[in-house]
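All the letters of the sequence shown, read from the start, carry residue numbers 13 to 345 under the numbering used here. Quick notes on the structure that follows.
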Amino acid sequence: MTRLVTALALTSCAALAARGGAPALVARDVYVMGTRATLAAYAPTRDTGRAALDTALAVLDETEGELSTWRDTSRISALNHQPVGVPWQATPTLCHMFAAVWQWYEATGGAFDPGIGRLLEAWDVHGEGAIPTREAARRAQSLSGLSRLSFDSSRCTLTKHADATIDVGAFGKGEALDRVDAALGDSAWMINLGGQISVGGPTPAGGWPVAIADPRHRDRPFLQVRLLEGSLSTSGGSERNLVVNGIRVSHIFDPRSGQPARFGGSVSVWHRRGLAADALSTALFVMGPDEGLRWAEAHRVAALYLIPAGDAVRVAASAAFQTAAGVRVTGLE
Numbered sequence: 013m014t015r016l017v018t019a020l021a022l023t024s025c026a027a028l029a030a031r032g033g034a035p036a037l038v039a040r041d042v043y044v045m046g047t048r049a050t051l052a053a054y055a056p057t058r059d060t061g062r063a064a065l066d067t068a069l070a071v072l073d074e075t076e077g078e079l080s081t082w083r084d085t086s087r088i089s090a091l092n093h094q095p096v097g098v099p100w101q102a103t104p105t106l107c108h109m110f111a112a113v114w115q116w117y118e119a120t121g122g123a124f125d126p127g128i129g130r131l132l133e134a135w136d137v138h139g140e141g142a143i144p145t146r147e148a149a150r151r152a153q154s155l156s157g158l159s160r161l162s163f164d165s166s167r168c169t170l171t172k173h174a175d176a177t178i179d180v181g182a183f184g185k186g187e188a189l190d191r192v193d194a195a196l197g198d199s200a201w202m203i204n205l206g207g208q209i210s211v212g213g214p215t216p217a218g219g220w221p222v223a224i225a226d227p228r229h230r231d232r233p234f235l236q237v238r239l240l241e242g243s244l245s246t247s248g249g250s251e252r253n254l255v256v257n258g259i260r261v262s263h264i265f266d267p268r269s270g271q272p273a274r275f276g277g278s279v280s281v282w283h284r285r286g287l288a289a290d291a292l293s294t295a296l297f298v299m300g301p302d303e304g305l306r307w308a309e310a311h312r313v314a315a316l317y318l319i320p321a322g323d324a325v326r327v328a329a330s331a332a333f334q335t336a337a338g339v340r341v342t343g344l345e
């Protein structure tokens, strides 16, 4: 979905910027946090627009330096290597982040649980993919889950009670986008970070146009929405499925069962906060449309499911999605 979203948003906005007297549109494509990103901003001049994008990119780079599990020097790597039973001290920024992580972990009943690093390692999710032996899967499950850690929000410490590790895949992009939002504020900017889109405010013509892809064919648009504020995160099985020994499995795991999630469609979540949108799109994908929509309605979460049904795709949205202040959907009844 990443390239498609970028093309729709910037093509439409470039036409607007070409009009006389319109604010300057500045855009940049980069590779950061292990994925492609498109940054765009409207500004009185191109120089001020470039400065805004420089600020955003610096924030993304700094966040990657803290959260990357690929860098031994990152704070998350330090936590993952922390000895069992020894409290790990979080910075104030990471303390605030982990407070949100624990909030959504508890609220979703563990459907969002980034403490499954050992489970993802056993399945080699970030590599070629592998189906672990029953014994290896059982051991990985015994070392997985935030239930294997405790978080003391008053002291900003995390303590591991087993050799569990944190995987940031279900919240890292959202956290980075929240930090950009704090740096840039309500000016007219948009960042598409690997398919999660956050905006600081509307374009001069209104919301930023964004496509939600057909879950069966990620290069085909299915719905178009306009983002006026906040963040839209989409989780879908077609994005990075693994094929191991001819068996296709989702890269998104159900932390409760220790198995790949079974849902074959996609779910998009809009939230004012990027981390919340990121975490909740993962959780609602894990739950699937039946459980997920019930949960979304009960918690007033703005969620939209695209559900393959034979040759068609069924659209199911929570009431909060249809009335959310920051997103407008084309063609949703």
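C-beta atoms are modelled at their ideal positions from N, C-alpha and C, and glycine is treated no differently.
Have a look at Pro-214, Trp-307, Val-327 and Pro-272 and flag the residue whose alpha-carbon is nearest the alpha-carbon of Glu-5. In the structure displayed, the chain extends from 13 to 345; residue 5 sits before or after that span and is not available.
Residue range of the unbroken alpha helix (DSSP H) whose run includes Ala-149: The sequence position of residue 149 within the sequence shown is 137, counting from 1. Segment 146 to 154, the alpha helix (DSSP H) holding Ala-149.
Taking all protein chains shown into account, do 16 or more other C-beta atoms lie within 10 angstroms of the C-beta of Tyr-54, making it buried, or fewer, making it exposed? Indexing the sequence shown from 1 puts residue 54 at position 42. Result: buried.
Exposed or buried, which one is Ser-330 when buried takes at least 16 other CB atoms within 10 Å? As a position in the sequence shown, residue 330 is number 318, starting the count at 1. By the neighbour-count rule (16 or more Cβ atoms within 10 Å), Ser-330 is buried.
According to the Cβ coordinates, are Ala-152 and Glu-133 closer than 8 Å? Here residue 152 refers to the residue found at position 140 of the sequence shown. Here residue 133 refers to the residue found at position 121 of the sequence shown. Yes. Within cutoff.
DSSP bridge partner residues for Ala-223 (one or two, in chain order): Here residue 223 refers to the residue found at position 211 when the sequence shown is read from its first residue. Answer by DSSP bridge pairing, in chain order: Gln-236.
Could you compute how far the alpha carbon of Phe-10 sits from the alpha carbon of Asp-266? Lying outside 13 to 345, the shown extent of the chain, residue 10 is not represented and no answer is given.
Less than 8 Å between the beta carbons of Phe-124 and Ala-315, yes or no? Taking the sequence shown and counting its residues from 1, the one referred to as residue 124 is at position 112. Taking the sequence shown and counting its residues from 1, the one referred to as residue 315 is at position 303. No, the pair does not count as a contact, with Cβ atoms beyond the cut-off.
Pairwise C-alpha distance: Arg-284 and Ala-188: Residue numbering aside, residue 188 sits at position 176 when the sequence shown is read from its first letter. Residue numbering aside, residue 284 sits at position 272 when the sequence shown is read from its first letter. Near 14 Å, if we compare the C-alpha coordinates of Arg-284 and Ala-188.
Rounded separation between Arg-360 and Asp-84 - CA only: With the chain covering only 13 through 345, there is no way to say anything about residue 360.
Check this for me: beta carbons of Ser-210 and Asp-226, under 8 Å apart or not? Here residue 210 is taken as the residue at index 198 of the sequence shown, counted from 1. Here residue 226 is taken as the residue at index 214 of the sequence shown, counted from 1. The answer is no: Cβ separation not under 8 Å.
Cβ-Cβ distance between Ala-182 and Ala-288 below 8 Å: Position 170 of the sequence shown, counting from 1, holds the residue named residue 182. Position 276 of the sequence shown, counting from 1, holds the residue named residue 288. Not a contact, by the Cβ cut-off of 8 Å.
Do you know offhand how far Leu-155's Cα is from Gln-271's? Mapped onto the sequence shown, residue 155 falls at position 143. Mapped onto the sequence shown, residue 271 falls at position 259. Computed Cα separation, rounded: 14 Å.
Does DSSP classify Asn-204 as helix, strand or coil? For the purposes of this step, residue 204 is taken as residue 192 along the sequence shown, with counting starting at 1. It is a strand residue.
Quick check on Val-255: buried or exposed, where buried means 16 or more other Cβ atoms within 10 Å of its Cβ? Here the question's residue 255 lines up with position 243 in the sequence shown. Val-255 comes out exposed.
Is DSSP giving Arg-62 helix, strand or coil here? Within the sequence shown, numbered from 1, the residue matching residue 62 stands at position 50. Helix.
Best match in Gly-218, Arg-62 and Leu-205 for proximity to Leu-72 [C-alpha to C-alpha]: One-based indexing of the sequence shown puts residue 72 at position 60. For Leu-72, the nearest C-alpha among the options comes from Leu-205.
Could you check where the alpha helix (DSSP H) with Ser-89 kicks off and where it finishes? Here residue 89 refers to the residue found at position 77 when the sequence shown is read from its first residue. It spans 87 to 92 - the alpha helix (DSSP H) in which Ser-89 sits, taken as one unbroken run.
Quick one, are the C-beta atoms of Val-237 and Leu-79 less than 8 Å apart? For the purposes of this step, residue 237 is taken as residue 225 along the sequence shown, with counting starting at 1. For the purposes of this step, residue 79 is taken as residue 67 along the sequence shown, with counting starting at 1. No. Outside cutoff.
Do three or more CB pairs link the region 157 to 176 to the region 98 to 115 at distances below 8 Å? yes
Option nearest Met-299 by Cα separation, candidates Asp-323, Arg-274 and Gly-286: Taking the sequence shown and counting its residues from 1, one reaches residue 299 at position 287. The candidate whose alpha carbon is nearest that of Met-299 is Arg-274.
Expected contact under 8 Å - CB spacing of Gly-347 and Ala-176 to nearest Å: No information on residue 347 is available, as it lies outside the stretch 13 to 345 that the chain covers here.
Residue from Leu-37, Ala-36 and Gly-46 with nearest C-alpha to Lys-185: For the purposes of this step, residue 185 is taken as the residue at position 173 of the sequence shown. Comparing Cα-Cα distances from Lys-185 to each of Leu-37, Ala-36 and Gly-46, the minimum goes to Gly-46.
Do Ala-112 and Cys-168 have their C-beta atoms within less than 8 Å of each other? Position 100 of the sequence shown, counting from 1, holds the residue named residue 112. Position 156 of the sequence shown, counting from 1, holds the residue named residue 168. No, the Cβ-Cβ distance between Ala-112 and Cys-168 is not below 8 Å.
I think Ala-52 touches Val-38, with their Cβ atoms under 8 Å apart; what is that distance to the nearest whole Å? In the sequence shown, residue 52 corresponds to position 40, counting from 1. In the sequence shown, residue 38 corresponds to position 26, counting from 1. With a Cβ gap of about 7 Å, Ala-52 and Val-38 count as contacting.
Assign Pro-104 to one of three DSSP states: helix, strand, or coil. In the sequence shown, the residue the question calls residue 104 occupies position 92. Note: Pro-104 maps to helix in three-state DSSP.
Expressed to the nearest angstrom, what Euclidean distance is found between the alpha-carbon atoms of Arg-58 and Thr-67? For the purposes of this step, residue 58 is taken as the residue at position 46 of the sequence shown. For the purposes of this step, residue 67 is taken as the residue at position 55 of the sequence shown. Cα to Cα, Arg-58 sits roughly 14 Å from Thr-67.
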